[in-house]
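Take a look at the structure below.
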Amino acid sequence: PVSTPPGAGVVDQEEPRIWQLHNKYILSQVKSGLVIIDQHAAHERILYERAVQMLERNAPLSQQLLFPQSVELSSADFALVTELLSELQRLGFDLQTFGKNTILISGIPADVRIGCEARILQDILDEYRDDRGEVSLSIRDRLAKSFACRAAIKAGDPLTVEEMRSLIDQLFATSIPYSCPHGRPVIVKLSLEEFDKFFGRT
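Counting in my numbering, the sequence shown runs from 55 upward without gaps.
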């Protein structure tokens, strides 16, 4: 007879019941069924609320670059940076104008990965410009949304179990965890009853 290893068939209670699906969604087992979280939308909500607080309190969380980076911009982007300079500094960007259409980046927000500063700044400017049609939004709200969208974890980014747990904890510490700043859903819940219906168990 085939021997059964000790403990076989017993669920390891220490095994984390959380998974990442296609590096895009976080799945977590709960008592009532399953919770599915859009990782980008979740991080976007977290960063948006953090950005709003920094802009309102003028208390930026910044990290200094070992080697300041000069970035050449288009005339339109340089004018936009000049217009938004004080607000970008509140977000944690340490910027200085440096000659014609050139800026010097000496520090970046704590939530931006070092090495991505030029791309993130350009993305923020592009996103902000696209949102200018939303006349009901203040400059700070548009900037906070632009920053959150561009600095957030992307679909396709692999996450460790620890990173997923941290993201979930931070999400549920926000004021509106169920939708992103643009109004899209962040969380979908599937109950055990719904699963039973899928498999004809009703």
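Glycine included, C-beta positions come from ideal geometry on N, C-alpha and C.
Source: prediction; values computed, not measured.
- Secondary structure of residue 192 (DSSP, three-state): coil.
- A residue is called buried once 16 or more other Cβ atoms fall within 10 Å of its Cβ, and residue 192, having fewer, is exposed.
- Excluding the 5 residues flanking it on each side, residue 178 has same chain C-beta neighbours closer than 7 Å at 200, 201, 204, in chain order.
- If you draw a straight line from the Cα of residue 232 to the Cα of residue 134, it comes to about 32 Å.
- Going by DSSP, residue 136 is part of the alpha helix (DSSP H) stretching over 129-145.
- Assignment of residue 158 by DSSP, reduced to helix, strand and coil, places it in the strand class.
- In the three-state scheme derived from DSSP, where H, G and I count as helix and E and B as strand, residue 200 is classed as helix.
- Under a 10 Å Cβ-count criterion, residue 163 is classified as buried, with 16 or more other Cβ atoms of the shown protein chains found around its own Cβ.
- Of all C-beta pairs linking the segment 231-247 to the segment 110-120, fewer than three are shorter than 8 Å, placing the two stretches out of contact.
- Shown here, residue 249 sits in a helix according to DSSP, grouped into three states.
- Comparing C-alpha distances from residue 228 to each of 154, 98, 111, 109 shows the shortest one belongs to 98.
- Within the same chain, 81 come within 6 Å of residue 75 by CB-CB distance, once the 5 residues on both sides are set aside.
- Around the Cβ of residue 166, a 10 Å sphere holds 16 or more other Cβ atoms; the residue is buried.
- Exposed is the label assigned to residue 212, since fewer than 16 other Cβ atoms lie within 10 Å of its Cβ.
- For residue 166, there is no enclosing alpha helix (DSSP H), as DSSP marks it with neither H nor E.
- For the pair residue 157 and residue 136, the Cα-to-Cα distance works out to about 10 Å.
- By the beta-carbon neighbour count (other beta carbons within 10 angstroms, threshold 16), residue 168 is exposed.
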